[in-house]
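These protein sequence lines map, in sequence, to chains A and B.
When you number the first sequence by full-length UniProt numbering, it's gap-free, plus one each residue, and the end is 496.
When you number the second sequence by full-length UniProt numbering, it's gap-free, plus one each residue, and the end is 548.
Beta carbons are placed, not taken as given, at the ideal position from N, Cα and C, and that holds for glycine.
Structure first, then comments.
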Amino acid sequence: MARKMLKDEEMAVAADDGGSYDYDLFVIGAGSGGVRGSRTSASFGAKVAICELPFHPISSDWQGGHGGTCVIRGCVPKKILVYGASFRGEFEDSKNFGWEINGDINFNWKKLLENKTQEIVRLNGVYQRILGNSGVTMIEGAGSLVDAHTVEVTKPDGSKQRYTAKHILIATGSRAQRVNIPGKELAITSDEALSLEELPKRAVILGGGYIAVEFASIWKGMGAQVDLFYRKELPLRGFDDEMRTVVASNLEGRGIRLHPGTNLSELSKTADGIKVVTDKGEEIIADVVLFATGRTPNSQRLNLEAAGVEVDNVGAIKVDEYSRTSVPNIWAVGDVTNRINLTPVALMEATCFSKTVFGGQPTKPDYRDVPCAVFSIPPLSVVGLSEQQALEEAKSDVLVYTSSFNPMKNSISKRQEKTIMKLVVDSETDRVLGASMCGPDAPEIIQGMAVALKCGATKATFDSTVGIHPSAAEEFVTMRTLTRRVSAASKPKTNL
Amino acid sequence: MRASRVAASLYGARAAVCEMPFATVASDSLGGVGGTCVLRGCVPKKLLVYASKYSHEFEESRGFGWTYDTDPKHDWSTLMTNKNLELKRLVRVQTNMLKNSGVTIIEGRGKVVDPHTVSVDGKLYTAKNILIAVGGRPSMPDIPGIEHVIDSDAALDLTSRPEKIAVVGGGYIALEFAGIFNGLKSGVHVFIRQKKVLRGFYEEVRDFVADQMSLRGITFHTEETPQAVTKSDDGLLTLKTNKGSINGFSHVMFATGRKPNTKNLGLEEVGVKMDKHGAIVVDEFSRTSVDSIWAVGDVTNRVNLTPVALMEGGALVKTIFGNEPTKPDHSAVPSAVFSQPPIGQVGLTEEKAIEKYGDVDIYTSNFRPLRATLSGLPDRVYMKVIVCANTDKVIGVHMCGEDAPEIIQGIAIAVKAGLRKQNFDATVGVHPITAEELVTMRNPTRKVRRDAADKAKMKDEATSQKLEASAFTYALVSSFIFVVIVAGVKVMCRKIRAFRSHQISQATRIIIVCKGGLFGDSTTRVHHCSVVSQSSHIFIYNSVLVHH
Numbered sequence: 001m002a003r004k005m006l007k008d009e010e011m012a013v014a015a016d017d018g019g020s021y022d023y024d025l026f027v028i029g030a031g032s033g034g035v036r037g038s039r040t041s042a043s044f045g046a047k048v049a050i051c052e053l054p055f056h057p058i059s060s061d062w063q064g065g066h067g068g069t070c071v072i073r074g075c076v077p078k079k080i081l082v083y084g085a086s087f088r089g090e091f092e093d094s095k096n097f098g099w100e101i102n103g104d105i106n107f108n109w110k111k112l113l114e115n116k117t118q119e120i121v122r123l124n125g126v127y128q129r130i131l132g133n134s135g136v137t138m139i140e141g142a143g144s145l146v147d148a149h150t151v152e153v154t155k156p157d158g159s160k161q162r163y164t165a166k167h168i169l170i171a172t173g174s175r176a177q178r179v180n181i182p183g184k185e186l187a188i189t190s191d192e193a194l195s196l197e198e199l200p201k202r203a204v205i206l207g208g209g210y211i212a213v214e215f216a217s218i219w220k221g222m223g224a225q226v227d228l229f230y231r232k233e234l235p236l237r238g239f240d241d242e243m244r245t246v247v248a249s250n251l252e253g254r255g256i257r258l259h260p261g262t263n264l265s266e267l268s269k270t271a272d273g274i275k276v277v278t279d280k281g282e283e284i285i286a287d288v289v290l291f292a293t294g295r296t297p298n299s300q301r302l303n304l305e306a307a308g309v310e311v312d313n314v315g316a317i318k319v320d321e322y323s324r325t326s327v328p329n330i331w332a333v334g335d336v337t338n339r340i341n342l343t344p345v346a347l348m349e350a351t352c353f354s355k356t357v358f359g360g361q362p363t364k365p366d367y368r369d370v371p372c373a374v375f376s377i378p379p380l381s382v383v384g385l386s387e388q389q390a391l392e393e394a395k396s397d398v399l400v401y402t403s404s405f406n407p408m409k410n411s412i413s414k415r416q417e418k419t420i421m422k423l424v425v426d427s428e429t430d431r432v433l434g435a436s437m438c439g440p441d442a443p444e445i446i447q448g449m450a451v452a453l454k455c456g457a458t459k460a461t462f463d464s465t466v467g468i469h470p471s472a473a474e475e476f477v478t479m480r481t482l483t484r485r486v487s488a489a490s491k492p493k494t495n496l
Numbered sequence: 001m002r003a004s005r006v007a008a009s010l011y012g013a014r015a016a017v018c019e020m021p022f023a024t025v026a027s028d029s030l031g032g033v034g035g036t037c038v039l040r041g042c043v044p045k046k047l048l049v050y051a052s053k054y055s056h057e058f059e060e061s062r063g064f065g066w067t068y069d070t071d072p073k074h075d076w077s078t079l080m081t082n083k084n085l086e087l088k089r090l091v092r093v094q095t096n097m098l099k100n101s102g103v104t105i106i107e108g109r110g111k112v113v114d115p116h117t118v119s120v121d122g123k124l125y126t127a128k129n130i131l132i133a134v135g136g137r138p139s140m141p142d143i144p145g146i147e148h149v150i151d152s153d154a155a156l157d158l159t160s161r162p163e164k165i166a167v168v169g170g171g172y173i174a175l176e177f178a179g180i181f182n183g184l185k186s187g188v189h190v191f192i193r194q195k196k197v198l199r200g201f202y203e204e205v206r207d208f209v210a211d212q213m214s215l216r217g218i219t220f221h222t223e224e225t226p227q228a229v230t231k232s233d234d235g236l237l238t239l240k241t242n243k244g245s246i247n248g249f250s251h252v253m254f255a256t257g258r259k260p261n262t263k264n265l266g267l268e269e270v271g272v273k274m275d276k277h278g279a280i281v282v283d284e285f286s287r288t289s290v291d292s293i294w295a296v297g298d299v300t301n302r303v304n305l306t307p308v309a310l311m312e313g314g315a316l317v318k319t320i321f322g323n324e325p326t327k328p329d330h331s332a333v334p335s336a337v338f339s340q341p342p343i344g345q346v347g348l349t350e351e352k353a354i355e356k357y358g359d360v361d362i363y364t365s366n367f368r369p370l371r372a373t374l375s376g377l378p379d380r381v382y383m384k385v386i387v388c389a390n391t392d393k394v395i396g397v398h399m400c401g402e403d404a405p406e407i408i409q410g411i412a413i414a415v416k417a418g419l420r421k422q423n424f425d426a427t428v429g430v431h432p433i434t435a436e437e438l439v440t441m442r443n444p445t446r447k448v449r450r451d452a453a454d455k456a457k458m459k460d461e462a463t464s465q466k467l468e469a470s471a472f473t474y475a476l477v478s479s480f481i482f483v484v485i486v487a488g489v490k491v492m493c494r495k496i497r498a499f500r501s502h503q504i505s506q507a508t509r510i511i512i513v514c515k516g517g518l519f520g521d522s523t524t525r526v527h528h529c530s531v532v533s534q535s536s537h538i539f540i541y542n543s544v545l546v547h548h
């Protein structure tokens, strides 16, 4: 059915003289998904306009910037800070390799911040240039719907202008949310955390997701005392339980204080800093309290009701497999749809959208074997199914291969931190269902594993691949001994 | 080790292995359980690479806000002590692994006496099968003053940091040591006989890695062949080459290849055949010319890598004891060079790919990684994917840049699983990392076509002629250089046929200028074709072998 509709749509595009609308496509939001969607649509010959808020490192209803969360307030600045923070571990490790650093090593947060801002300003410019070169019209301001074919843009000076378009693509992303506890205004979100004036000496983080874990590693590496609070027994819900355990013990090993099963109940200002009270009655004084408690889709100010675009109970825009909303000519990609909230997934969705609508090739994004990474120190990276997911989906037994080893570098540095790797294999087909790793270079290593999984690699394929010696990754092709065989019938229940 | 362990533990064979006593530098009477890889190769080398990389990291850290009251200094003896402690631990580990598998360990030097008898320091042992896995050893040319020169064994275990070192050789060992010494603050000069480092590697990678290493402070001397080494009264060394002399070296290291360790093993007497390099000749199952004698690893000089020796050993045991004749598969073996930055690769080079497949699409990317934009250092990453144009199969992936070996391992699995370019494209990236670039290469940098001329034939002859007359010119600049200026690939190929009269020889350099950067031909089969340099529309191909 959907396919047929699209065919009709396609013919309509061809038949349309283009004169009845200002644009073939109007895109709201110039983040990863919006920029990709407008560029690729323009390359298919569509006349495209895109609106985006003025640039600012911290987002609000009136501020944003070309590049979006990923470039300005997410992946890129975060990774820069992770790089910065990783050096502390390197300095420690270098000693047994013969390096002597006499005197102090100092970390200048302001300098890193300055260099980081310079880089994201550069990238912001790059994104604008990319759009300009693709022939996309850029409009500054906040876009909202008037009807199914009309977008009203409120410019920074307050003036409003309306544009009509045959298709509208919503790619407004998401924003960090705060929990509702007394004193919540004293806390910051990841936006502010990436642009703090001063580096905190004592940081409290609430949340067990990847953002919480990453900031814990960043601040610890930069020399702060870090307390991490989360509701579950382990951080990183949704990831493989075994890997979650490893991440937790690595964070602890690097000096982060973990408070599992604990929530914050109140924040208040004191002369010494922010007083944090937990639901267990503990009190801690902190310079900074970070809420890393999830993100909500940016769908509130779009006036979606005017066109009849439906959202779900968390405010995410409902879409079909082609990213089409409940209104046939309005589409949505990226975090605002709350599918898999990752930059490369938004890129994939946007590319599929353009192919579907303007390329004459209806294309669904493929959500199988999407790899992802948590840039904790050391990082975690996974692709495919976790052991728990594999058991849920499995028709036959699941074979689990694990390896926990001391990375070669640690044999000299004497750092007590194991690297762990895991393969989950279907016992009947021999297909590798999932690969995960926690240890140095895990994200770089898992990318190739993701390619292998897309090729349908079996455990036999892994075994027949010659290793690159000496590397950490070669362990993935030398896991010969089965760690355990888990019967599909005996699904263990956990309350992690 | 692999063969004896598996034979004993998995198949219950009564296995014995002989090895010489441990020493960091190998000789005719010293070696150690673990072999070259663990004691004088991969492992100590990688440990020194780790140690030497820190100086680059200290520099990088400045761009990330770190400052030092005093510059970090390196203490050589701490490193050597810790490295040797680790090596001794590994010898113990390896020895225990053998013992626990039920393998009898005999210390001493083995020599084959007859097809079923080995003598270890005079004592005779009989066996149904004999496996020779004695590896290789550094070889150096016989030039005056060679006694002043160190090899890689010695370079891994120097008592003090070289002030200024000459590294002679352009292979992976030379580049790895150049990086190590440079990182540990020695002055490093690399002397290579060829124009470029890493013969046999993909051309653009050869240029790229040399550029990056130069930027980190290494001096390259190309097309210089060593002729003599002399020692002056102050103890410093002078290296004399065909181009002149450079003095003031505290050390001169030769990384000029390795030779199979087949001397004095009794092989000639028993009738085990060897090739002209002294490598034992084996069949696909690693069997020598004597039925009961087998050989694996560097001594057979096939693909000289530890994991390949492991594979050969594993296959051999299956063949002999498992009743499953198994050939080691030497295709798509990935490998790495731990230079700084390192190289990782799997599959064919572009030159070999064109030779084998004719029509290939080349995807390249040369970029500044995020880390370098912050550190302000000139570090870059180079990546290349070679795709068979007719089948979409990925036939080679090459990379030079941080983490290349770790990144390529997974790609090697994918290649074994039949990787197509469409699989690369369908894979979602991990963001933001270096490796994601491999799955986001959408447009080929160039297409190489063997049959472009055939297709051109089908086109209207008149149109072609018109193009021929107007759109390009060519000239024989000298007997070695052709300049071809073309508007499109089809006419270009027709023109190359016309060049026959000018006798394109192996040494001819063809400079091709064309709009889309397309290159191909059919009647003259290009056998070896490599890009020496490239600007927007100009490709310069070197050493084109043309078959008429």
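- Taking 8 angstroms as the cut-off between beta carbons, the residues of the region 58-86 of chain A near chain B are C70, C75, V76, K79, I80, Y83 and G84, in sequence order.
- Residue ranges of uninterrupted alpha helix (DSSP H) with 4 or more members, entirely inside the region 43-126 of chain B and ordered along the chain, are 76-100.
- Within chain A, the C-beta atoms nearer than 7 angstroms to that of P432/B come from C75, V76 and K79, in chain order.
- Within the region 347-373 of chain A, the residues whose Cβ lies closer than 7 angstroms to some Cβ of chain B are M348, D366, V370, P371, C372 and A373, listed in chain order.
- Of the candidates V296/B, T159/B, V209/B and V188/B, the residue whose Cα lies closest to the Cα of G217/B is V188/B.
- Excluding five sequence positions before and after R368/B, the CB atoms of its chain that fall closer than 6 angstroms to its own CB belong to R380, given in chain order.
- Within the same chain, Cβ atoms closer than 6 angstroms to the Cβ of H148/B are found at V229, K231 and L237, the five residues on either side in sequence being excluded.
- Bounds of any alpha helix (DSSP H) do not take in W331/A; it lies within the beta strand (DSSP E) bounded by I330 to A332.
- Around the beta-carbon of N129/B, 16 or more other beta-carbon atoms lie within 10 Å, marking it buried.
- Only exposed fits I105/B, as fewer than 16 other CB atoms lie within 10 angstroms of its CB.
- Under the three-pair Cβ rule at 8 angstroms, the region 161-181 of chain B counts as touching the region 238-258 of chain B.
- CA-CA distance, A16/B to Q194/B, rounds to 44 angstroms.
- Contact of W99/A with chain B is assigned, a C-beta pair being separated by under 8 angstroms.
- Against chain A, a Cβ distance below 8 angstroms from K83/B picks out I412.
- Between I150/B and L98/B, the alpha-carbon positions lie close to 32 angstroms from each other.
- Pairing T419/A with T483/A gives a Cβ-Cβ distance that is not under 8 angstroms.
- Listed by position along chain B, the residues whose Cβ is nearer than 9 angstroms to that of G103/A are Y68, D69 and T70.
- Assignment of Q161/A by DSSP, reduced to helix, strand and coil, places it in the strand class.
- Non-local C-beta neighbours of R420/B in its own chain, meaning closer than 7 angstroms and more than five positions away in sequence, comprise D392, K393 and V394, ordered along the chain.
- Here the region 147-160 of chain A does not lie against the region 29-40 of chain A, with fewer than 3 beta-carbon pairs under 8 angstroms apart.
- Interface flag for I317/A against chain B is unset, since no Cβ pair is found closer than 8 angstroms.
- Restricting attention to beta strand (DSSP E) runs no shorter than 3 residues, the region 178-215 of chain A encloses them at 202-206, ordered along the chain.
- Residues of the region 329-348 of chain B with a Cβ closer than 9 angstroms to any Cβ of chain A, in chain order: D329, H330, A332, V333, P334, S335, A336, F338, G344 and V346.
- In the structure shown, E321/A adopts coil according to DSSP, grouped into three states.
- Within its own chain, the residues whose Cβ lies closer than 7 angstroms to the Cβ of A210/B, once the five positions on either side in sequence are excluded, are K196, V197 and F220, listed in chain order.
- In this structure, Q340/B places its C-beta atom within 8 angstroms of the C-beta atom of G183/B.
- Counting along the chain, N338/A sits inside no beta strand (DSSP E), nor does DSSP assign it H or E at all.
- Annotated three-state conformation of T270/A is strand, per DSSP.
- Residues of chain A whose Cβ lies closer than 9 angstroms to the Cβ of E355/B do not exist; the shortest such Cβ separation is about 23 angstroms.
- When secondary structure is reduced to three states using DSSP, C51/A falls in the strand class.
- Annotation: Cβ neighbours of N423/B in chain A (cutoff 8 angstroms, chain order): V451, K454 and C455.
- In the DSSP assignment, L131/B is bridged to W294/B.
- Taking the Cβ atoms as the reference, P77/A lies roughly 23 angstroms from I28/A, outside the contact range of under 8 angstroms.
- Taking a C-beta distance under 8 angstroms as the contact criterion, Q128/A and H167/A do not qualify as a contact pair.
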